[in-house]
Structures are given as C-alpha cells and as structure tokens.
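Under the working numbering, the final residue of the first sequence carries the number 681; numbering is consecutive throughout.
Comments concern the structure below.
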Amino acid sequence: MPVVISSINDGSISIYSSDDEIGETPLTDVLRTYLTLDIDNRNLFGEGFIKQYPEVAQLLKEYSGLKLLRQEPFETTITFMCAQGIGMTLIRRQIALLCEKFGSPCTIEFRGQKHRLYRFPDAECLAEAPLPLLQACTNNNYRRAVNIRRVAGAAASGLLDFGELGSGELPLDRLREQLCDFDGIGPKIADCIALFGLGRFDAFPIDTHVRQYLAGWFGIRRASDALTEKNYLRLQEEIRTILKPELAGYAGHLLFHCWRRKVRHLRTA
DNA sequence: CCCCAGGCTTTTC
DNA sequence: GAAAAGCATGGG
C-alpha cells in the first residue's frame, strides 16, 4: 500500500504528494485507501444495534463521519508503544519529540507561511538511536526506549515484516501472537497495530476507556473486572455479539471517541 | 499524597 | 496454566 501522507495533529491532516512514491497509483486511490473511503460508515451498526441501544445510536449520529485511517504500520507500532499507562497529552509529546529528534525535516508553505515539519522517523534511524536521546523522547521511560529500539531493529532487518503481517492472510490471533513476541507489545497494543496499521477492522482493542463504555453502555459486567488475558478475550467475544464482527474495531473507534467526548467530556479528541 | 492515564511484565498460586 | 501484584513516569 503506498503511503505518501502524514502529519496528523489535533484533528487536522496534511497531505503531500510525491510522484516517485505514488508511482502509477492515482492520488485519489491513495486517499481512498488511507481515509478508508471504501468503508461505508452508514453500514457500521446494524438495525438490531440501533433498536437495542437507541440512546447510544442517538449519540453516535454526531460521529457518523468519523473515519479510522489506514496508517503506516511502523509508525503505528511505535506510536502505540508510547501509549501505555499514560495520558493523551504525554503520548502526543512523545511522538512530536521522536519526529523532531529522529525524523527528517521538511518545510512546507501554507497560506504564505512557512512551516518546519518533521516526518516520522524510519526504522533504521530509530534502531540506531542513542539510548539517552531516545529515552528523552519516551517520557524518560528507559524500558520503553529499549523496547522501541529493538522493534525498530527488527523492522529494519526484516525480522518484523509488516508486508507479510498486513497481507491479510494471517488469522487475527496468529497476527497478535507474532506482535506480542516483542517486549513492550501486549494484547491491547497488538490489536491497535492490527486495527490502525494493518487494516484489520475486526481487531477490537480494549483499553481503559473501552472497558468503561462496555460497562456503561452495554451493561457488560465483566468489563469492570480485572483485565486478565482470559477476560480480555471474553470481552472481545461478547462485543462481537453486539457489533458486526468483521467491523467491530472500526465501529469501536466511533464508540471510543463518542464515549470520551460526550460522556467523559474529555477535550482531546 | 492521592489517583489516573488508549498496559505490560514478573511473580505467585 | 491463569490470576494477582509490581512496575514506570508525569499530570491533575
């Protein structure tokens, strides 16, 4: 999949075309893929869902245009490795620092003003990153820096092959197993990589917010229990009886944002 | 000083 | 095997 885009900040997205990267693929096709325009948002929730949870469906109307992106797998992997037991503000700070310290710079002009931006670093660069500098980008978390460097090395050497993982031929559980082989990647982050980076819209990551709406909206009792591996899998089973299994993760993304903003009143999207 | 944040790893049963 | 405890770091 050709990826020529990026730079997502606070809900806005900047798009740059680069002919040598696009090749013969028309830009419209690239955007269609990246923005998942092939997914019809009107088809995410079935009639049964709307009938059974009318109040949730009402809240969701505001989010009917929210798209989940097919993001670049390596970038997705590293960014979600930065997102464990930590708030959104700090997650964004880490990503910004990683880009500034290790990404290649580029300057764009927008409405007469020049902006200095940094691309997300490639695997080779992060694999060779000096540990103290990398740690400074990962919220001073030494372990996270080590884990990220190791994953970057695997991606650079081909030991971790996103082309293979993203081919769509691996069953979801096998895919998760391979990702979880790396320190710093557990079930939740593996599901996030599958969902956001590998286009596996059936993957349904369960984090603290998802647990809250599983309990609050759908009355799932087990969502309040400890999130052991068994319970995690059981909750995934359960949500697949409520959401369309093949689109559970995509639909969950809308539920996630809707819960955070409409119920929790959190400012950060 | 408490609890929380888009969990994971190690220890213990 | 699976559940409980430990872990790391900054913000509110």
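Beta carbons: idealized from backbone N, C-alpha and C, even for Gly.
Predicted model only: the values in this text are computed from it and were never measured.
In the three-state reduction of the DSSP assignment, residue 658 falls in the helix class, which pools H, G and I.
Here the C-alpha atom of residue 538 lies approximately 27 Å from the C-alpha atom of residue 619.
With a threshold of 16 other beta carbon atoms within 10 Å, residue 601 meets it and is buried. DSSP places residue 525 inside the beta strand (DSSP E), whose first and last residues are 525-530. Distance from the CA atom of residue 615 to the CA atom of residue 525, rounded to whole angstroms, is 41 Å. Closest in C-alpha terms to residue 556, from the list 492, 458, 672, comes 492. Taking all protein chains in view, the Cβ of residue 527 is surrounded by fewer than 16 other Cβ atoms within 10 Å, so the residue is classified as exposed. Where residue 437 is concerned, there is no enclosing beta strand (DSSP E), because DSSP gives it neither an H nor an E. Burial state of residue 522 is exposed, judged by a 10 Å Cβ sphere holding fewer than 16 other Cβ atoms. Within a 10 Å sphere around the beta-carbon of residue 554 sit fewer than 16 other beta-carbons, which makes this residue exposed.
For residue 520, the uninterrupted beta strand (DSSP E) run begins and ends at 517-522, by DSSP. For the options 635, 510, 598, 606, the alpha carbon positioned closest to that of residue 582 is the one of 606.
Runs of alpha helix (DSSP H) with 4 or more residues, each lying fully within the segment 533-585, are found at 535-539, 543-549, 554-569, 574-577, listed in chain order. Around the C-beta of residue 586, fewer than 16 other C-beta atoms lie within 10 Å, and the residue is accordingly described as exposed. Here the alpha carbon of residue 621 sits roughly 13 Å from the alpha carbon of residue 496.
With respect to the C-alpha of residue 443, the residue from 544, 517, 645, 483 having the closest C-alpha is 483. In this structure, residue 596 lies near residue 560, with their beta-carbon atoms less than 9 Å apart.
Cα atoms of residue 449 and residue 655: separation of roughly 20 Å, rounded to the nearest angstrom. In terms of CA proximity to residue 565, 542 leads the group 542, 626, 467, 511. When the Cα atoms are used, residue 641 and residue 588 turn out to be separated by approximately 13 Å. In summary, residue 545 is exposed, with fewer than 16 beta-carbon neighbours lying within 10 Å of its beta-carbon over all protein chains present.
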